[in-house]
Amino acid sequence: MSKGGAAGGGALKGGKKKASTFVIDCTKPVEDKIMDIASLEKFLQERIKVGGKARAPGDSVTVTRDKTKISVTANDTAFSKRYLKYLTKKYLKNNNVRDWLRGNSF
């Protein structure tokens, strides 16, 4: 028997990837006026890398903002939750808010 044989549940080839959406809920910090949600949205739009290039996500990654929530939607590209968590922590550290806020679940 060989490892990784052709028989078995592999991914479908040529199938369209499902869009993944991640939501960052900033309700409490925005209500307490600890952070500005518009600056977090701008930070994410500038820093998200697609294909090794920042500031050029195109149609593959979209960042949208409601009053207190930011939604990041990845279409046709692999986008990890861990990367979004890393960028959010980086934003908190750059704005000297990381000592007071903790990103629990993203």
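Quick note on full-length UniProt numbering: the sequence shown kicks off at 1 and runs consecutively. Glycine is no exception: its CB is placed at the ideal position from the N, C-alpha and C atoms.
Pick from the options that is closest to residue i, judged by C-alpha positions
i	options	result
Leu-40	Ser-71, Asp-32 and Val-61	Ser-71
Thr-73	Ala-54, Leu-44, Pro-29 and Ile-37	Leu-44
Thr-21	Leu-92, Lys-69 and Lys-90	Lys-69
Tyr-91	Glu-46, Lys-53, Lys-67 and Thr-64	Glu-46
Thr-27	Val-50, Lys-67 and Lys-89	Lys-67
Phe-79	Val-63, Asn-94 and Lys-93	Val-63
Pair within 8 Å by beta-carbon distance, residue i and residue j
i	j	result
Val-30	Ile-24	no
Ile-34	Leu-87	no
Ala-19	Asn-96	no
* Can you check the segment 24-93 for any beta strand (DSSP E) of at least 3 residues that lies completely inside it and give the ranges in chain order? => As far as the segment 24-93 is concerned, its whole beta strand (DSSP E) runs of at least 3 residues are 61-65 and 69-74.
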